[in-house]
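With my numbering applied, the sequence shown has no gaps in its numbers, which climb one by one up to 114 at the end.
By construction, the Cβ of each residue, glycine as well, lies at the ideal position given by its N, Cα and C atoms.
As structure tokens, the structure follows; a few thoughts come after it.
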Amino acid sequence: MTHYFVAQIKITDPSEYQKYLDSVDEVFSKYKGEYLAVDENPTILEGRWDYTKSVIIRFGSKEDFEDWYYSEDYQNILKFRIKWYAPQSKLWTQRTVQASWN
13 MTHYFVAQIK ITDPSEYQKY LDSVDEVFSK YKGEYLAVDE NPTILEGRWD YTKSVIIRFG
73 SKEDFEDWYY SEDYQNILKF RIKWYAPQSK LWTQRTVQAS WN
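Pasting the structure below:
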């Protein structure tokens with residue numbers, strides 16, 4: 013079953029963020045994920061946008077997601093992300109088929 017990683021981030025230290033960017037694609041390419049959207053200027057339809065960037069990544073399975081997120085490679089670069097981000101949202105969810113919102 014398809015799984016998604018959604019991140020809404022607020023960059024507070026561009027130099028530390030750059031260290032993360034310098035490594036994240038190389039690490040990500042080793043795993044079975046696909047970037048669906050990376051946007052620094054989304055159209056806000058409702059509510060507020062208090063972030064700098066949004067990212068949506070798709071994985072074929074929960075195992076693929078966990079292999080990436082909990083990998084030693086990715087955990088090693090998380091230290092850079094932790095230095096530059098303000099409180100933010102990151103969530104993981106699986107795809108479900110829903111006939112209606114009720």
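- In this structure, K31 keeps its C-beta atom at 8 Å or more from the C-beta atom of V50.
- Here R60 is exposed. Its C-beta has fewer than 16 other C-beta atoms within 10 Å.
- Looking at the DSSP output, G45 bridges to F71.
- The DSSP-derived three-state label of S35 is helix.
- Counting along the chain, the unbroken beta strand (DSSP E) around Y16 starts and ends at 15 to 21.
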